[in-house]
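Heads up: the sequence shown at position 433 corresponds to 1262 in the working numbering, and the numbers run straight through without jumps.
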Amino acid sequence: MREFIQDSARHFLPSDVYICNGSSEEQKELADLLVQNGTFIALNQDKRPGSFLARSDPDDVARIEKRTFICSNKQEDAGPSNNCKDPVEMKAHLKSLFHGCMKGRRMYVIPFCMGPKDSQAAKIGIQITDSPYVAYSMTIMTKVSHEFLDKPFIPCIHSVGRPLEAGEKDSPWPCNKEKWIVHFPETREIWSYGSGYGGNALLGKKCLALRIASVLGRDEGWMAEHMLILALSNPQGVKRYVAAAFPSACGKTNLALVKSCLSGWKVECVGDDIAWLHVGEDGALYAINPENGFFGVAPGTSDGSNPNAMEMIKKNTIFTNVALTEDGDVWWEGMTKEPPSGTIIDWKGNIWDRKELAAHPNSRFTVAVKQCPILDSHYDDPKGVRIDAIIFGGRRAFDVPLVLEADNWTHGVFFGANLSSEKTAAAEGSVGDIRRDPFAMLPFCGYHMGDYFQHWLDMGKKIHPNYLPKIYQVNWFRKSKDGGYLWPGFSENVRILRWIFERIGSDCKAISTPIGKIPEISAFEGLEISKEALDELFFVGHAAEKKNLLDAKKYFSTLEPRTPMELKQELDRLEKNL
Ligand code: TSX
Ligand code: MN
């Protein structure tokens, strides 16, 4: 640890070094500094106490997959979904890039823990960064403490890549046009250069807890997944936990924090983004949330879509790239039907013309889990929570039913492997294009996707059959011929969760179809929905299914020779069923 810190300082040449301890005094000092630097704007303390607005550089607003690398010794091990470069060459390149990169800045050393701190499943990292915004964010998103300094750790090196010469004026959001987000899966190291934003810079989250952790999980016999974890309790007080993977723009955070529409049925939250899954001593599957905070997309979050999130972010929250109102509060598209009156400053810091977007579509709130109003009592349990069901969801206007239950674990893995979702923003490709995102892990799996599918199949064999979670596929977004959504979604999704709950306890029946099991009509009693809409929501069309089958075959062939045999057998089984 000392060597790591000293080598970093000698090489990056910061003006000084500070080791974070995660205390509230330290948070306060960091916030004061960020306000002084102009990175933070303090919000109206009556409306948003302890909260700040940050505006990023307009070219540093999201993760950049093109600049993300998995540097495996053998190119094949990174697989076709990752950029790969030779680790020795990459390390040499990074060392020269990082030389003197922190000149004129303080180097922060952040000892952090991902997961409940006394958990066998937790992992420790030490992040080096020259960004106080990143240091502050890490004290929310992870557990930061000196007690993690003298334990084995994953080194995480970050720089905004903008050294300051003597007397040079800093910018509120320093960064570099050239960006590198680099992972070394064999030596378990992370190096990130040039960006100060979210997943590029808070290295505990996507880089450690997903990309590096997925490799650790493969080697150590557990799973790092892009999943929310929620608890559902029935009116008798029986509680079951569910983990669910969704690609972006499907409302994962909304589901993690959903308010139940069914009296007596209660939803509580363990996490909204990442789950680490281990087989326990009893042979059941247990989940921990490695994170300590939420880093949620702001636009679309409202009292209607997510009242619990709105409650959660009333105080002690960092808002990044949202709009600023005249009274010193925040606003974004979808927060209210009408924007507030008065002058609004958009996410770029200009007076909003009320034509372009006021908030960036990827604008965020950063807030500690402790502030979640429906935080589950076991959210920080060192042994995790027992998972009884796993859900895969996507956004599909056509052909994919509201919910399907897999016939067995292998069939469920087949669901995950074929997960896909429609694009909503026209950034890359056109709106409505279907993008494959297996297990919602395409940008986050640190190794070959074929090996990852095999790991899922192998994990199914490690779990005791009595405790094998049931696997489901959901689609809240199916549309009718006239273009309207067929399913009300949001709090009504709890009806689907209730069906899943009752299936786990064998308390209700299901109907078999060629592609999986669906609920009986009685599952929807009490919901105002037409028989026609329900029929459309569950319609399984032969032609569409044939096409799905062919697409799956084509996709699986791109992973050869690492496509698992059992998944190819699922293709054959589906073909026969059809
Ligand atoms: O988050 C969503 N969920 C999950 C909620 C727990 N969204 C928002 C997605 C963008 C991130 C949804 N959008 C959901 C949903 O279940 N369903 C839809 C589609 C939809 C939108 C509006 C209506 C119905 C469905 N109805 C009215 O606006 C009245
Ligand atoms: Mn995510």
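Think of the CB as a built atom: it goes at the ideal place given N, C-alpha and C, for glycine as much as any other residue.
Would you check if the distance between the CB atom of Met1052 and the CB atom of Leu1106 is smaller than 8 angstroms? Within the sequence shown, residue 1052 is the residue found at index 223, counting from 1. Within the sequence shown, residue 1106 is the residue found at index 277, counting from 1. Contact flag set, yes.
For a test of the three-state rule: what should DSSP assign to Leu1153, helix, strand or coil? Residue numbering aside, residue 1153 sits at position 324 when the sequence shown is read from its first letter. In the three-state DSSP reduction, Leu1153 falls in the strand class (E or B).
Are there any heavy atoms of the ligand TSX lying less than 7 angstroms away from the beta-carbon of Trp1305, as far as the coordinates show? As a working mapping, residue 1305 is identified with position 476 in the sequence shown. A heavy atom of the ligand TSX is found nearer than 7 angstroms to the CB of Trp1305.
Straight-line Cα distance separating Lys1144 from Ser880: On the sequence shown, position 51 is the one that residue 880 refers to. On the sequence shown, position 315 is the one that residue 1144 refers to. Rounded to whole angstroms, Ser880 to Lys1144 spans 6 angstroms at the Cα level.
Which residues does DSSP list as the beta-bridge partners of Ile1263? As a working note, residue 1263 is residue 434 in the sequence shown. Note: Ile1263 sits in a beta bridge opposite Glu1251.
Provide the residue span of the beta strand (DSSP E) that contains Arg1324, from first to last. Here residue 1324 refers to the residue found at position 495 of the sequence shown. Run containing Arg1324: none in the beta strand (DSSP E); it sits in the alpha helix (DSSP H), 1323-1333.
Closer than 7 angstroms to a non-hydrogen atom of the ligand MN - does that hold for the CB of Asp1102? On the sequence shown, position 273 is the one that residue 1102 refers to. Checking the Cβ of Asp1102 against the ligand MN gives yes.
Check whether the Cβ of His1055 sits closer than 7 angstroms to any heavy atom of the ligand MN, and report yes or no. Counted from its first residue, the sequence shown places residue 1055 at position 226. Yes; taking the cut-off as 7 angstroms, the Cβ of His1055 has a heavy atom of the ligand MN nearer than that.
Return yes when the Cβ of Ala1073 is within less than 8 angstroms of the Cβ of Leu1057, no when it is not. Counting from 1 along the sequence shown, the entry for residue 1057 is found at position 228. Counting from 1 along the sequence shown, the entry for residue 1073 is found at position 244. In this structure, Ala1073 lies closer than 8 angstroms to Leu1057 by Cβ.
Which complete alpha helix (DSSP H) runs does the stretch 917-975 hold, if anything under 4 residues is left out? The alpha helix (DSSP H) runs lying completely inside the stretch 917-975 and spanning 4 residues or more are 961-970, given in chain order.
Span of the beta strand (DSSP E) around Val1071: Reading the sequence shown from its first residue, position 242 is the one you call residue 1071. Its beta strand (DSSP E) spans residues 1068-1074.
I'd like the span of the beta strand (DSSP E) that includes Ala1116, first residue to last. Position 287 of the sequence shown holds residue 1116. Unbroken beta strand (DSSP E) run through Ala1116: 1114-1117.
Cβ contact check for the stretch 1363-1377 and the stretch 1264-1276: 3 or more pairs under 8 angstroms: Segments in contact, no.
Does any heavy atom of the ligand TSX sit closer than 7 angstroms to the C-beta of Asn850? Your numbering for residue 850 matches position 21 in the sequence shown. Every heavy atom of the ligand TSX is 7 angstroms or more from the Cβ of Asn850, so no.
When you measure from the CB of Gly1129 to every non-hydrogen atom of the ligand TSX, does any distance come out below 7 angstroms? Within the sequence shown, residue 1129 is the residue found at index 300, counting from 1. Result yes, Cβ under 7 angstroms from the ligand TSX.
Pick from Asn912, Pro940, Lys998 that is closest to Pro1014, judged by C-alpha positions: Sequence index remark: in the sequence shown, residue 1014 carries index 185 (1-based). Here the closest residue by C-alpha is Asn912.
Count the other C-beta atoms from every protein chain shown that fall within 10 angstroms of the C-beta of Met1414, then say buried if there are 16 or more, exposed otherwise. Given a span of 830 to 1407 for the chain in the structure shown, any question on residue 1414 remains unanswerable.
Close-in-space but distant-in-sequence residues of the same chain around Gly1275 (CB under 7 angstroms, 5 per side omitted): Along the sequence shown, one-based indexing puts residue 1275 at 446. Excluding positions up to five away in sequence, the list reads Ile899, His1012, Pro1014, Arg1040, Ile1041, Ser1043, Val1044.
Is it true that the stretch 1276-1286 meets the stretch 1058-1070, where meeting means three or more beta-carbon pairs spaced less than 8 angstroms apart? With a cut-off of 8 angstroms, the stretch 1058-1070 and the stretch 1276-1286 do not count as touching, because too few Cβ pairs lie within range.
Where does the unbroken alpha helix (DSSP H) through Ile834 begin, and where does it stop? Residue 834 sits at position 5 when you count from the first residue of the sequence shown. It spans 831-841 - the alpha helix (DSSP H) in which Ile834 sits, taken as one unbroken run.
When you measure from the CB of Gly1080 to every non-hydrogen atom of the ligand TSX, does any distance come out below 7 angstroms? For the purposes of this step, residue 1080 is identified with residue 251 of the sequence shown, where counting begins at 1. True, at least one ligand heavy atom lies under 7 angstroms from that Cβ.
Drop a sphere of 10 angstroms on the beta-carbon of Tyr1281, count the other beta-carbons inside from all chains shown, and report buried for 16 or more, exposed for fewer. To locate residue 1281, count along the sequence shown from 1; it is residue 452. The residue in question, Tyr1281, is buried, as its Cβ has 16 or more Cβ neighbours within 10 Å.
Which runs of the alpha helix (DSSP H) at least 4 residues long sit entirely within the stretch 1019-1077? Give them in chain order. Within the stretch 1019-1077, the complete alpha helix (DSSP H) runs of at least 4 residues are 1027-1030, 1042-1049.
Cβ distance (whole Å) where Trp1009 is taken to contact Trp1002 below 8 angstroms: The residue labelled residue 1009 in the question sits at position 180 within the sequence shown. The residue labelled residue 1002 in the question sits at position 173 within the sequence shown. Not confirmed; about 18 angstroms, so no contact.
Might you give, ordered along the chain, the residues of its own chain that have their beta carbon closer than 7 angstroms to the beta carbon of Ala1138, omitting 5 neighbours on each side? For the purposes of this step, residue 1138 is taken as the residue at position 309 of the sequence shown. Residues of the same chain with a CB within less than 7 angstroms of the CB of Ala1138, apart from the 5 flanking positions on each side, are Thr1082, Leu1086, Gly1125, Thr1130 in chain order.
Would you tell me roughly how many angstroms separate the C-alpha atoms of Ser1341 and Gly1313, rounded to the nearest one? By 1-based counting over the sequence shown, the position of residue 1341 is 512. By 1-based counting over the sequence shown, the position of residue 1313 is 484. The straight-line gap separating the alpha-carbon atoms of Ser1341 and Gly1313 is approximately 27 angstroms.
What's the call for Gly1178, buried or exposed, on a 16-neighbour Cβ count within 10 Å? Indexing the sequence shown from 1 puts residue 1178 at position 349. When all chains shown are included, Gly1178 counts as exposed.
For Gly1222, collect the residues of the same chain with a Cβ closer than 6 angstroms to its Cβ; drop the 5 residues on either side in sequence, then sort them by chain order. Position 393 of the sequence shown, counted from the first residue, corresponds to residue 1222. The answer, listed in chain order, is Phe1075, Cys1079, Val1303.
Which residues does DSSP pair with Val864 in a beta bridge? One-based indexing of the sequence shown puts residue 864 at position 35. Under the DSSP definition of a beta bridge, Val864 lacks any partner.
Among residues of its own chain, excluding the 5 on either side of Leu1388, which ones have a beta-carbon nearer than 8 angstroms to its beta-carbon? Within the sequence shown, residue 1388 is the residue found at index 559, counting from 1. Only Gly908, Pro909, His1277, Met1278, Gly1279, Phe1282 meet the Cβ criterion.
Per DSSP, what are the beta-bridge partners of His1293 in this structure? Taking the first residue of the sequence shown as position 1, residue 1293 is located at position 464. None; His1293 has no bridge partner.
Boundaries of the alpha helix (DSSP H) in which Tyr1384 is found, first to last residue: The sequence position of residue 1384 within the sequence shown is 555, counting from 1. Taken as a continuous stretch (DSSP letters only), the alpha helix (DSSP H) holding Tyr1384 covers 1371-1386.
Limits of the unbroken beta strand (DSSP E) element including Thr1195: Taking the sequence shown and counting its residues from 1, the one referred to as residue 1195 is at position 366. That run of the beta strand (DSSP E) goes 1193-1197.
Quick one, are the C-beta atoms of Ile1174 and Ala883 less than 8 angstroms apart? Here residue 1174 corresponds to residue number 345 of the sequence shown, with the count starting at 1. Here residue 883 corresponds to residue number 54 of the sequence shown, with the count starting at 1. Cβ atoms of Ile1174 and Ala883: not closer than 8 angstroms.
For Asn850 versus Ser974, is the C-beta distance shorter than 8 angstroms? For the purposes of this step, residue 850 is identified with residue 21 of the sequence shown, where counting begins at 1. For the purposes of this step, residue 974 is identified with residue 145 of the sequence shown, where counting begins at 1. In this structure, Asn850 sits near Ser974, with a CB-CB distance shorter than 8 angstroms.
Determine contact between the stretch 1348-1360 and the stretch 1202-1216, defined as no fewer than three beta-carbon pairs at a distance below 8 angstroms. Contact between the stretch 1348-1360 and the stretch 1202-1216 is absent, because fewer than three Cβ pairs lie under 8 angstroms.
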